[in-house]
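>
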Amino acid sequence: MTTTPLLELKNVYRTFEKDRQPIPVLQDVSLAIQPNEILCLVGESGCGKTTTGKIIAGLQTPSQGQMLVNGKPLSELSHHEQKDFRRAFQIVHQDPFASLNPAHTVEQILSFPLLRHGMVASRPMLRRRIWELLTQVDLTPPGDIVNKYPHQLSGGQRQRVVIARALTVQPKLIVADEAVSMVDVSIRIGILKMLHRLREQFGMAIVFITHDLAIAKYFAWQGRIAVMYLGRIVEIGRTPDVIANPQHPYTRALLAAVPEADPDITRRKRPMKLRSEDIPSLMSVPSGCAFHPRCPFFMEGVCDHDVPQLATLSDGAQSVACIPLAQDGKLTLYG
Amino acid sequence: MSIKRIPSNVVLSVRDLSVSYLARRGRVRAVSNVSFDLYAGETLAFIGESGSGKSTLNLALIRTLPKAAQIDSGSVVYTRLDGTKMDILQLGKNHMQRYLWAECSMVFQGALNSLNPVLRISDMVYETAQAHNMERKEAEKQAMELLEKVRLDARRVFRSYPHELSGGMRQRALLAISLLLRPRIVIMDEPTTAVDILTQRSILEVLKELRAEYNFSTIFISHDLAVAAEIADTIATMYAGEVVEMGPVEDVFYRPRHAYTFSLLDAAPRLSAGEEELHSIPGSPPDLINLPNGCKFHERCRFATDICSLKSPKLEILSTDEDTQQDHAVACYEHRRVLATRRKVLG
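Just so you know, the sequences run in chain order A and B.
So that you can map any letter, position 94 of the first sequence is 94 in this note's numbering, and since no number is skipped, the others follow by simple counting.
So that you can map any letter, position 121 of the second sequence is 1121 in this note's numbering, and since no number is skipped, the others follow by simple counting.
1. Name the chain B residues whose beta carbon is nearer than 7 Å to that of Arg267 (chain A)?
2. Within the continuous alpha helix (DSSP H) that includes Ile1231 (chain B), where are the two ends?
3. State the Cα-Cα distance for the pair Arg1151 (chain B) and Thr135 (chain A), rounded to the nearest angstrom.
4. Classify Ile1307 (chain B): buried if its beta carbon has 16 or more other beta carbons within 10 angstroms, exposed otherwise.
5. Measuring alpha carbon to alpha carbon, tell me which residue in A:Ile174, A:Ala164 and A:Gly155 is nearest Phe208 (chain A).
6. Please give the ranges of any beta strand (DSSP E) in the region 194-227 of chain A, keeping only runs that are unbroken, at least 3 residues long and fully inside the region.
7. Looking only at its own chain, which residues have a Cβ that is under 7 Å from the Cβ of Ala88 (chain A), when we skip the five neighbours before and after it?
8. Counting only beta-carbon atoms, is Ile1003 (chain B) nearer than 8 Å to chain A?
9. Measure the Cβ-Cβ separation of Val1031 (chain B) and Thr1056 (chain B) and say whether it is below 8 Å.
10. Find the residues of chain A that neighbour Arg1270 (chain B), judging by a C-beta separation of less than 7 Å, and give them in chain order.
11. Buried or exposed: Phe112 (chain A), going by 16 or more other Cβ atoms within 10 Å of its Cβ?
12. Could you check where the beta strand (DSSP E) with Thr1320 (chain B) kicks off and where it finishes?
13. Let me see if you follow: with CB-CB separation under 8 Å, is Ser1202 (chain B) close to chain A or not?
14. Does Lys1296 (chain B) pass the burial test, meaning 16 or more other C-beta atoms within 10 Å, or should it be called exposed?
15. Are the Cβ atoms of Ala1318 (chain B) and Ala253 (chain A) separated by less than 8 Å?
16. Using a 10 Å radius around the Cβ and a threshold of 16 neighbouring Cβ atoms, would you call Lys978 (chain B) buried or exposed?
17. Can you give the Cα-Cα distance for Asp1327 (chain B) and Asp1321 (chain B), rounded to whole angstroms?
18. Chain A beta carbons: is any one of them nearer than 8 Å to that of Leu1146 (chain B)?
19. In angstroms, rounded to a whole number, what distance separates the CA positions of Gly1347 (chain B) and Thr266 (chain A)?
20. Measuring CB to CB, does Leu1022 (chain B) end up less than 8 Å from Ala1068 (chain B)?
21. Gly190 (chain A) versus chain B: which residues are under 7 Å apart at the beta carbon?
22. Alpha carbon to alpha carbon, how far is Glu178 (chain A) from Val1195 (chain B)? Give it in angstroms, no decimals.
23. Give the range of the alpha helix (DSSP H) segment to which Gly155 (chain A) is assigned.
24. Considering Cα atoms alone, identify which of B:Leu1288, B:His1298, B:Pro1269 and B:Arg1270 is closest to Pro1282 (chain B).
25. Would you verify that the beta carbon of Ile243 (chain A) is, or is not, closer than 8 Å to some beta carbon of chain B?
26. Would you identify the three-state DSSP class for Ile1062 (chain B), choosing helix, strand or coil?
27. For a contact meaning CB atoms closer than 7 Å, what does Leu352 (chain A) contact in chain B?
28. Spatial neighbours of Tyr1126 (chain B) within its chain, please: CB distance less than 7 Å, with the 5 preceding and 5 following residues excluded, ordered by chain position.
29. Check distances from the C-beta atoms of the region 1247-1263 of chain B to those of chain A and list, in chain order, the residues that come in under 8 Å.
30. Have a look at Leu110 (chain A) and Asn70 (chain A) and give me their C-alpha separation to the nearest angstrom.
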């Protein structure tokens, strides 16, 4: 694709501080999101996927590096463009209990952004728009929902209200941070399908953040997956490639470790034996490739020394940040 | 590992167990007439959505139900190694205390909640040992051995407070302590839910090793079908407080016969399945105070016919495995149509 990306992160770093010690939560993260694209960020807790999502949604700023919106650096946007950007990029959080004000009805929850951003011109229009939004997120008939308070709704219904609220400002991109982790298995698929439909209907891009690889595979099958480890992207590419043919040792370890809802397949899986089961702390991220102390394909003097860069191994395949793979496309067991 | 399904191998026999909560609006039927036998060495996994009654069932089995709950009927008969039987629901306080940990222990989700934050792991070991008349020295020796078995730095972990350990380490330490008195049953409620993928893997591997070595029976509660598929011998599906299907893990996963089990599986993505067409279950679980007539699932069921809303289906045995003698039982009028419907997998 040669279109201008909707959003681009260029060598983004983000450092937090704890007890005067810097914690590098994101290091050298670069990625581009095209309009209408699905990008899935996966990784374990502390890998930086939520911080990346927050930066994309404008809730955090990079400590270093650049963010481009429609090809223009954020810092060069006019006040007006800044406002547009904030409106165009919305976020849906994990916990629909915490992200809705318990003292407001659904109608109030949806009215605020519509009025604040001048999305409606009159009271009757406001009402019509709320009805329309609730229908779009399958909360029908809307008349049964508008006057309810969050506690009167199920977890799934609440998450749909949160999504409807994000839609009030007609966003170009939605960051969905573990948006279905707290709803029951039977209801998840319905919400994911709805997000797919809304994306097509409104031409939105979706950045989907999850720790659940099976959900990532299902949701982003037509899009891309980025695997993160300790603040860096270690592998990124089209979802079917990454899932069926993982390259980075960490991605391979994850895929080999996940149990599957199929007794034969899950029992035949052979988990990868790591050199260490301890996850390094962000306070002391290992030198070189951060995965080297655990990686079974560790190359001494190389992996603990040089920071691997994302590179494609063959035409059209995913990008991987692994020095042994970049050198000769092979992995050899350590020791 | 093969489990002999003969009467003398039954460790726990639950019959017609019903539990309800008293709420302002009325009585909540959380568990209704649940019956099952747990065999020596068997891992029995209960699956179902939140509110299906699986956690309440578990709490009833160890009689740690909250005050608002009451056991309405049923029996939970435990068989000791020497063959003597006792009904857990009739035990006095002292006997109950002896039963817990020594015969039946439990591992809950989020180990931080089940470990006392001001006690070291060693204190908890000594406390448990003291309550069950075990020598301190012996307890320490056993604990060290078990901590090694769950692949922890035993000496360090033994002297640690819970907050000094990572989530995965705590969960493994808890698993080790739960086996201190060599119980015949370990009850686990979502033991790998709040942990990361690689941590979950190491807990599952450790659990399998321990099971192979000590041959305890496990009652496992999970909303994660994948974990159940991996470690269970037997699957029991719960819906609205009832067991609606129960059978060998392969049977239930590959040939589900209850519409609800079918629908749960039809909503679960699988990594290795390529592009999948999945379906959500419409609606939400029923109100346990005003349960629908007939099959509790019929309002959400794509297979439902007229009879489903009129009469409640009974659990009936549809097949028995010739080798293992294990039954596959289901409470669904449309089980033939469910069985005949194959899940669609694209690509």
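Note that the Cβ used here is the ideal one computed from N, Cα and C, for glycine as well.
Note that the coordinates shown come from a computational prediction; the quantities given were computed from them, not determined experimentally.
In short, the structure shows the following:
1. Within 7 Å of the CB of Arg267 (chain A), the CB atoms of chain B belong to Glu1230, in sequence order along the chain.
2. It spans Leu1225 to Ile1231 - the alpha helix (DSSP H) in which Ile1231 (chain B) sits, taken as one unbroken run.
3. So the alpha carbons of these two residues sit roughly 53 Å apart.
4. Per the 10 Å Cβ criterion, exposed.
5. Among A:Ile174, A:Ala164 and A:Gly155, the Cα nearest to that of Phe208 (chain A) belongs to A:Ile174.
6. Listed in chain order, the complete beta strand (DSSP E) runs (minimum 3 residues) inside the region 194-227 of chain A are 205-210.
7. Cβ contact annotation for Ala88 (chain A) (same chain, cutoff 7 Å, sequence separation greater than five): Pro171, Lys172 and Leu173, in chain order.
8. The beta carbon of Ile1003 (chain B) does not come within 8 Å of any beta carbon belonging to chain A, so the residue lies off that interface.
9. For Val1031 (chain B) and Thr1056 (chain B), yes; Cβs fall inside 8 Å.
10. Chain A residues near Arg1270 (chain B): Ala214, Glu260, Ala261 and Asp262.
11. Exposed, by the Cβ-count rule.
12. From DSSP, the beta strand (DSSP E) with Thr1320 (chain B) extends over Glu1316 to Thr1320.
13. Chain A contact via Cβ: present.
14. So Lys1296 (chain B) ends up on the buried side.
15. Looking at the sequence shown, residue 1318 (chain B) is not Ala but Leu. In this structure, Leu1318 (chain B) keeps its C-beta atom at 8 Å or more from the C-beta atom of Ala253 (chain A).
16. Limits of chain B in this structure are 1001 at one end and 1347 at the other, which puts residue 978 (chain B) out of reach.
17. C-alpha of Asp1327 (chain B) to C-alpha of Asp1321 (chain B): approximately 6 Å in a straight line.
18. Chain A contact via Cβ: absent.
19. Low confidence applies to Gly1347 (chain B): its pLDDT is 38, below 50, so where it sits in the model is not reliable, and the reading given next is rough at best. Cα-Cα distance, rounded: 20 Å.
20. Yes, the pair counts as a contact, with Cβ atoms nearer than the cut-off.
21. Those within 7 Å of Gly190 (chain A) in chain B are Ser1280.
22. If you take the alpha carbons of Val1195 (chain B) and Glu178 (chain A), they lie about 15 Å apart.
23. Annotation for Gly155 (chain A): the continuous alpha helix (DSSP H) segment containing it runs Gly155 to Leu167.
24. For the residues B:Leu1288, B:His1298, B:Pro1269 and B:Arg1270, the minimum Cα distance to Pro1282 (chain B) belongs to B:His1298.
25. Nearest CB-CB separation between Ile243 (chain A) and chain B: below the 8 Å threshold.
26. For Ile1062 (chain B), the three-state secondary structure derived from DSSP is coil.
27. Since the first residue of chain A shown is 1 and the last is 335, residue 352 (chain A) is not available in this structure.
28. Within its own chain, the residues whose Cβ lies closer than 7 Å to the Cβ of Tyr1126 (chain B), once the five positions on either side in sequence are excluded, are Arg1136 and Ala1139, listed in chain order.
29. So the list reads Val1249, Glu1250, Phe1253, Tyr1254 and Ser1263, given in the order they occur along the chain.
30. Taking the CA atoms as reference points, Leu110 (chain A) sits about 28 Å from Asn70 (chain A).
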